[in-house]
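So the protein sequences, as listed, match chains A, B, C and D.
For the first sequence, position 107 matches number 227 in the numbering used here, and the numbering has no gaps at all.
For the second sequence, position 259 matches number 379 in the numbering used here, and the numbering has no gaps at all.
For the third sequence, position 151 matches number 271 in the numbering used here, and the numbering has no gaps at all.
For the fourth sequence, position 310 matches number 430 in the numbering used here, and the numbering has no gaps at all.
Beta carbons: idealized from backbone N, C-alpha and C, even for Gly.
What follows is a set of notes on a single structure, which appears directly below.
4 protein chains.
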Amino acid sequence: MHFASDNWAGAHPKIMQAMTSANDGYWPAYGNSDRDERLDARFADVFETEVAVFLVSTGTAANALALSAMARPGDVAFCHTEAHIRVDECGAPHFLAPGLQMMPVTGSFGKIDEAQLGRAVETVAGGGLNAGRVGMLSLTQATECGTLYAPDEIEALVKTIRSNRSDAPVHMDGARFANALAATGATPAEVTWKRGIDILCLGGTKNGCWCAEAILVFRPDLVDDMIYLRKRAGHLLSKMRFMTAQFEAYLDEGLWLELATKANDQAAKLEAAITTSNSVRLAWTREVNEVFGIVERNRFAQWQAQGLKAYDWQPPTAERELLDENETMFRLVTCYATSDNEVEAFERLLR
Amino acid sequence: MHFASDNWAGAHPKIMQAMTSANDGYWPAYGNSDRDERLDARFADVFETEVAVFLVSTGTAANALALSAMARPGDVAFCHTEAHIRVDECGAPHFLAPGLQMMPVTGSFGKIDEAQLGRAVETVAGGGLNAGRVGMLSLTQATECGTLYAPDEIEALVKTIRSNRSDAPVHMDGARFANALAATGATPAEVTWKRGIDILCLGGTKNGCWCAEAILVFRPDLVDDMIYLRKRAGHLLSKMRFMTAQFEAYLDEGLWLELATKANDQAAKLEAAITTSNSVRLAWTREVNEVFGIVERNRFAQWQAQGLKAYDWQPPTAERELLDENETMFRLVTCYATSDNEVEAFERLLR
Amino acid sequence: MHFASDNWAGAHPKIMQAMTSANDGYWPAYGNSDRDERLDARFADVFETEVAVFLVSTGTAANALALSAMARPGDVAFCHTEAHIRVDECGAPHFLAPGLQMMPVTGSFGKIDEAQLGRAVETVAGGGLNAGRVGMLSLTQATECGTLYAPDEIEALVKTIRSNRSDAPVHMDGARFANALAATGATPAEVTWKRGIDILCLGGTKNGCWCAEAILVFRPDLVDDMIYLRKRAGHLLSKMRFMTAQFEAYLDEGLWLELATKANDQAAKLEAAITTSNSVRLAWTREVNEVFGIVERNRFAQWQAQGLKAYDWQPPTAERELLDENETMFRLVTCYATSDNEVEAFERLLR
Amino acid sequence: MHFASDNWAGAHPKIMQAMTSANDGYWPAYGNSDRDERLDARFADVFETEVAVFLVSTGTAANALALSAMARPGDVAFCHTEAHIRVDECGAPHFLAPGLQMMPVTGSFGKIDEAQLGRAVETVAGGGLNAGRVGMLSLTQATECGTLYAPDEIEALVKTIRSNRSDAPVHMDGARFANALAATGATPAEVTWKRGIDILCLGGTKNGCWCAEAILVFRPDLVDDMIYLRKRAGHLLSKMRFMTAQFEAYLDEGLWLELATKANDQAAKLEAAITTSNSVRLAWTREVNEVFGIVERNRFAQWQAQGLKAYDWQPPTAERELLDENETMFRLVTCYATSDNEVEAFERLLR
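Structure follows, in structure tokens:
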């Protein structure tokens, strides 16, 4: 029962196969081969717009580099209190975007509340030089709570920051972007640049690649610096083709959405099992491939002893009151590789 | 009626005089004169212990350099939600201590709550590599709300972080440290190194100097790096003697405490005026030279039109509920130069 | 005729196979699986000593992170004028080790001259606070000129800096370390920690891996920070196993030395062809898998038109006088994949 | 005989007086008073153009902040091998402009050689992503050798870098800018923005102020960021008026040029003494307030024993061959406060 994270599996066989196939012959290094360059066109097709593509090997690098491309001296980034960039990347955004400030904004179930964002922007805007400048907005789709922003919600948040700074850049952490698309059927364009997203960090690693993250820059004025930001942070691979090959296969015939759908579906079964159980309850409604539940501490420890690989979860600040003293929150994550056997084993555990 | 800040006045005449007196002749530059070096001994007397002294020209530099001397890669600094280092220094600590993370901790009236600190430390300690490391604690004395930590409270907070990391360094932002001492009669040692403070940033600028801030390093292993940290941030003055001269006069015959007492006393009169007024109320009890009040927005605007120089104040997160919709919080700050005339003018305003 | 660089080929079949084999099942992420951890023991065997291993995806990251682990505030790194860290990494060491200074030291054919190093160290040591501190030494083995330091030469340089700062850390950029070993038959230990090297950045990418670089930390006090330095720079892969798998295969049955020997041997043939040619001459004696030659500009352009993939090369400062006005220097690099056909094609070109 | 540096004297009495006069009453903090703002107009008059003025307390801060305002990711700054920013600021430019690379360019007597600059620019421009980008040019006027660029020389160097990057920003380190003007009679405009300088760091400290350095930004697109760069580095003084007052007096009735002329004249006497001496010789012709001489080591030690305060000087790389084995180079610096007595004492020493 491996529900600890979506990065414990290897690469999907088709991804692995693509890497093997790309292994022959000489290619110019550093992403300068024709085939590397054609990947931009692939992404342009998928996103229905011109886009500059920068591949890197970790999601942390993708997010931090994206923020650094957006950051001016004194800028404040607005993000959810629980955002990965704020609490789960060991300070990488502060390091790779030197001097960047972050202003946490609350909101239920991992989603930034529009009114709270408005207030936070006002606080910075009214705080004079001491407070810094209204910088960028960072959204996570799917969120850290496995929830989703509707396209209109994205647009409303973008509008909120841009009512203060009209050209405020907007970043989307899309480590689980494919899961979000798979869950809603939205097109990639509909939930990104059409709603104001300037840079999407599109994850491949958690959804069947082995290390493949794409920084997709929709706003042309952010492109030039990115070329150098990636290199000087040590994130430009010489044998780029292997990352290119992964993404080729990932996008081919919709593999990325197929794998995300598989993960979401397996999570739906786990959710169903929890809903019908007496011993455990859902923390909130599942939307993608993460299920959050609440259970007595003792019982969770038993489950772990019985082979459940999953983390107990620090409840988000806004959801702390959901738990009783003797309870713990836990998170189950599925991925493309989650088997029916594993799901059934969890179902048995609940009985 | 100048109550906007304690940095709108010039230097106290005795400080100015000291600078004039120190103007003659040649002194080795960069703080290497005998007289510069003797200042360490002066501070050692005042603080009853060996201390390494680093003078810089702003409080922001003092705080950020202190934190940078303490910071290891991945470290998280724990500070109050309203701490100057977190929301009022334009990101200087993130910039001068590259990659430093800050974890805000709440607590009433600007003071860190012990239980909240415990929980915050646990969160980081339990968050694995993603969360970074338990780094340093930063306290502000007097706080941003003009309140004070009792010596035992300081010790308890230090103990809280050190129960997780036994050698966690502790920083004190003492921009208004003299006001704190003047209010309580504590000795400098009692509220600093004897309670676990490793670096005190002692402000002179807000209390009669013109630009004189001292980084006092009590912990020997933090000294060597500080020499270079100050220089490479451009904060080593060549004609150091002028800063030395300011501090000589500042400490001489207790001038610093005398000026702080004056400021506190004037603030006490403002507090009394508010307490006895019908149109305005105290936000919380004053302890040093800052008085926080609550009043109807309209009336505050009238006061400003009548010549009151003071800021309306963003209420601390923990005190937001103190205000009604149509009210504003405001802050009055006094300093050594605050005249009786100004105080009386404010009293008349309230009637 | 692909002699542009040793990173234009893919991965060696055995490496590719190892990655495929490691693809099955779940492994704890971030290098925490048993198998990831066993890799340390493998390296300990190869290097005959305890060593902490940090895998990253680029050589630039490896070098810059190594330097950052060594760097104190104000430190100056001494390296060769032509060192990759100084002129070929887009400033990555300055960025990932914030504030780090570099002092170039000359010497023939890419090797630091001992007397010049002594003078450079003295200059910094005698320059007071302005000059910063004597920091670390960085050596490249094989050098940017494809030449080699003898073990005694390494030791002498280490001694030179340590005569000023006894615990000065020493870094070795080993992007082509395997080629160096293969050329000399030295054991890994003999040219690293036994001679004073504290961190070796061991390259795999240029020698048959696809992205696999190992930071090998021999000095225990540099280990703790490295854990966080790697993460906060976005260089900790989640699915670490793929990098682990590459290195397992790389070290297995001496594959790394076998591949390097192959590359060196092919370069030897190119060198021989140049030596016996009338139209071109060697710039200096080849030692590993890089051959530097000098030829008339026109002729080099002809070669390129005839299919030679190779860079004309900016002559090292110390070797500028080797060229006439109408000549250019060029570099040929071989790798494990260089075929006899390619070598023969070059031989035909020279005739 | 104080010839060690021009920062061992105090402030000129008129500067001191101006500070005392500015001490009364309340002024808005952080440079927001009317009087602070009027200083911009003063500088605009002096420089015959609009200019944004940022005062800071050290020359190191001024230079490093100026460079950071100019620097894009990956940029390389071109400067003389002996430039203060490169070897005498403890890495401040690398730290305050994170990731900035510096490319040293040689040239006799502290001045960048035009052909060498051209070659250096070409090297970076032709070096691909690895080498970074052609960034800014930094000139020092007067140079570290106390020599001067003629206006046409400045223009030629600016043209050299801009022939590659047409909008390359150009920085002038003007720690001794007043001495340069006083020596040549050029107007401030003629040797700065009219010749392509975008930011001048104008020193006051070495020429009669106590801590007053002005970053003068002539190029409007560099202004916005500077506001935040200064603050987040801790370099925005709260009681700015004291620095404002220094500069008011400094510029008033040409005091700055008067003081610089005095310093230059005293240096001329020292130069004359050396020229006519048998025991010592000039290293090169003096142009401002620094005299460089060459003498036997023993004799120099004698002089120091007899009360000469002056540094023996590491000869510039390009001038190393001027010395014999048993000789040392030394530097004599005069300032506004250098007395005839001191000059005569030195003359006696030579006899």
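To which residues of the same chain is residue 358/B closer than 7 angstroms at the C-beta, ignoring the five residues directly before and after it? Your numbering for residue 358/B matches position 238 in the second sequence. Only 149, 150 meet the Cβ criterion.
DSSP-derived helix/strand/coil call for residue 266/B: Locating residue 266/B in the second sequence gives position 146, counting from the first residue. Reduced to three states, the DSSP call for residue 266/B is coil.
Answer yes if the stretch 244-253 of chain C comes into contact with the stretch 194-207 of chain C, meaning at least three C-beta pairs across the two stretches below 8 angstroms, and no otherwise. yes
For a quick check, are the C-beta atoms of residue 277/C and residue 237/C less than 8 angstroms apart? As a working note, residue 277/C is residue 157 in the third sequence. As a working note, residue 237/C is residue 117 in the third sequence. Yes, Cβ-Cβ distance for residue 277/C and residue 237/C is below 8 angstroms.
Measure from the C-beta of residue 243/B to each C-beta in chain A and report whether the shortest distance is under 8 angstroms. Taking the second sequence and counting its residues from 1, the one referred to as residue 243/B is at position 123. So, interface residue.
Am I right that residue 179/A and residue 406/A are in contact with their C-beta atoms under 8 angstroms? What's the rounded C-beta distance? Here residue 179/A refers to the residue found at position 59 of the first sequence. Here residue 406/A refers to the residue found at position 286 of the first sequence. Not quite, the Cβ-Cβ distance comes to about 21 angstroms (not below 8 angstroms), so this is no contact.
Decide if residue 427/A is buried, meaning its Cβ has at least 16 other Cβ atoms within 10 Å, or exposed. The residue given as residue 427/A occupies position 307 in the first sequence. With fewer than 16 Cβ atoms within 10 Å of its Cβ, residue 427/A is classed as exposed.
Beta strand (DSSP E) runs contained entirely in the stretch 303-327 of chain C, provided each spans 3 or more residues: 319-323
Per DSSP, which residues does residue 199/A bridge with? Please list them. Here the question's residue 199/A lines up with position 79 in the first sequence. Answer is 224/A, bridged to residue 199/A.
Where residue 218/C meets chain B, residues with beta-carbon distance less than 8 angstroms: Numbered from 1 along the third sequence, position 98 holds the residue referred to as residue 218/C. Ordered by position in chain B, the residues that pass the 8 angstroms Cβ test against residue 218/C are 218.
Note down the Cα distance separating residue 247/B from residue 206/A, rounded to an integer number of angstroms. Here the question's residue 247/B lines up with position 127 in the second sequence. Here the question's residue 206/A lines up with position 86 in the first sequence. For residue 247/B and residue 206/A, the distance between alpha carbons rounds to 13 angstroms.
Rounded straight-line distance, which links the Cα of residue 274/A to that of residue 316/A: Along the first sequence, read from residue 1 onward, the residue named residue 316/A stands at position 196. Along the first sequence, read from residue 1 onward, the residue named residue 274/A stands at position 154. Rounded to whole angstroms, residue 316/A to residue 274/A spans 8 angstroms at the Cα level.
Relative to the alpha-carbon of residue 219/D, which residue among 413/A, 353/A, 386/A has its alpha-carbon at the smallest distance? Residue numbering aside, residue 219/D sits at position 99 when the fourth sequence is read from its first letter. Answer by Cα proximity: 353/A.
Does the separation of the CB atoms of residue 393/C and residue 454/C fall below 8 angstroms? Numbered from 1 along the third sequence, position 273 holds the residue referred to as residue 393/C. Numbered from 1 along the third sequence, position 334 holds the residue referred to as residue 454/C. No, the Cβ-Cβ distance between residue 393/C and residue 454/C is not below 8 angstroms.
State buried or exposed for residue 351/C, treating a residue as buried only when at least 16 other CB atoms are found within 10 Å of its CB. Counting from 1 along the third sequence, the entry for residue 351/C is found at position 231. Looking at its Cβ environment, which holds 16 or more other Cβ atoms inside 10 Å, residue 351/C is buried.
Closer than 9 angstroms, Cβ to Cβ, to anything on chain E: give me those residues from the stretch 329-349 of chain B, in chain order. No chain E appears in the structure shown, which is made up of the protein chains A, B, C and D.
Which whole-angstrom value is the C-beta distance of residue 187/A and residue 291/A, which I expect to be below 8 angstroms? Within the first sequence, numbered from 1, the residue matching residue 187/A stands at position 67. Within the first sequence, numbered from 1, the residue matching residue 291/A stands at position 171. So it is a contact: roughly 6 angstroms between Cβ atoms.
So, using beta-carbon positions, are residue 456/C and residue 383/C closer together than 8 angstroms? Start at 1 with the first residue of the third sequence, and residue 456/C comes out as number 336. Start at 1 with the first residue of the third sequence, and residue 383/C comes out as number 263. In contact: residue 456/C and residue 383/C (Cβ atoms closer than 8 angstroms).
Residue 251/C touches chain D at which residues, Cβ-Cβ below 8 angstroms? For the purposes of this step, residue 251/C is identified with residue 131 of the third sequence, where counting begins at 1. Ordered by position in chain D, the residues that pass the 8 angstroms Cβ test against residue 251/C are 207, 208, 210.
Return the chain-ordered list of same chain residues with a C-beta closer than 6 angstroms to the C-beta of residue 128/B, the five sequence neighbours on each side being excluded. Position 8 of the second sequence holds residue 128/B. Cβ within range, chain order: 122.
Can you give the beta carbon distance from residue 175/D to residue 360/D, rounded, assuming they're within the 8 angstroms contact cut? For the purposes of this step, residue 175/D is taken as residue 55 along the fourth sequence, with counting starting at 1. For the purposes of this step, residue 360/D is taken as residue 240 along the fourth sequence, with counting starting at 1. Between residue 360/D and residue 175/D the Cβ distance is about 7 angstroms, and since that is below 8 angstroms, they are a contact.
Which residues DSSP lists as bridging residue 290/A, in chain order: Residue mapping note: residue 290/A aligns to position 170 of the first sequence, counting from 1. The partner list for residue 290/A (beta bridge, DSSP) reads 257/A.
On a CA-only basis, which of 409/D, 408/D, 464/D, 414/D is nearest residue 398/D? Give me that one, please. Taking the first residue of the fourth sequence as 1, we reach residue 398/D at position 278. When each option's Cα is compared against that of residue 398/D, the closest is 414/D.
Anything in chain B within Cβ reach of residue 435/C, meaning under 8 angstroms, just list it in chain order. Here residue 435/C refers to the residue found at position 315 of the third sequence. The premise fails here: residue 435/C is roughly 34 angstroms from chain B at the closest Cβ pair, so nothing lies under 8 angstroms.
Per-residue DSSP class, three states only, for residue 214/B: Here residue 214/B refers to the residue found at position 94 when the second sequence is read from its first residue. DSSP places residue 214/B in helix when its eight states are reduced to three.
Just to confirm before moving on: does the CB-CB distance between residue 301/C and residue 377/C stay below 8 angstroms? Position 181 of the third sequence, counted from the first residue, corresponds to residue 301/C. Position 257 of the third sequence, counted from the first residue, corresponds to residue 377/C. Yes. Within cutoff.
Can you check whether the C-beta of residue 150/A is within less than 8 angstroms of a C-beta belonging to chain D? Locating residue 150/A in the first sequence gives position 30, counting from the first residue. At least one chain D Cβ lies under 8 angstroms of residue 150/A.
CA-CA distance, residue 408/B and residue 209/A? Your numbering for residue 408/B matches position 288 in the second sequence. Your numbering for residue 209/A matches position 89 in the first sequence. So the two alpha carbons sit approximately 40 angstroms from each other.
Report the residue ranges of all alpha helix (DSSP H) runs contained in full by the stretch 352-420 of chain B; include only those spanning at least 4 residues, in chain order. 361-371, 375-395
Mind checking which residues open and close the beta strand (DSSP E) that includes residue 333/B? By 1-based counting over the second sequence, the position of residue 333/B is 213. Residues 333-337.
CA nearest to the CA of residue 147/D, picked from 136/B, 132/B, 125/B: As a working mapping, residue 147/D is identified with position 27 in the fourth sequence. The shortest C-alpha separation from residue 147/D is found at 125/B.
Below 6 angstroms CB to CB, which residues in the same chain sit around residue 319/D once its five sequence neighbours on both sides are set aside? Within the fourth sequence, numbered from 1, the residue matching residue 319/D stands at position 199. Once the five neighbours on either side are set aside, the close Cβ partners of residue 319/D are 186, 291, 337.
Neighbouring residues, chain C, relative to residue 351/B (Cβ below 9 angstroms): On the second sequence, residue 351/B is found 231 positions in, with the first residue counted as 1. What residue 351/B touches in chain C: 193, 194, 249, 250, 252.
With 16 other Cβ atoms within 10 Å as the buried cut-off, status of residue 305/D: What you label residue 305/D is simply residue 185 of the fourth sequence in a count that begins at 1. The residue is exposed, with fewer than 16 neighbouring Cβ atoms inside 10 Å.
Closest Cβ-Cβ distance between residue 362/C and chain A: below 8 angstroms? As a working mapping, residue 362/C is identified with position 242 in the third sequence. By this cut-off, residue 362/C is an interface position.
I need the straight-line Cα distance from residue 281/C to residue 329/A, nearest angstrom please. On the third sequence, position 161 is the one that residue 281/C refers to. On the first sequence, position 209 is the one that residue 329/A refers to. Roughly 46 angstroms between the two C-alpha positions.
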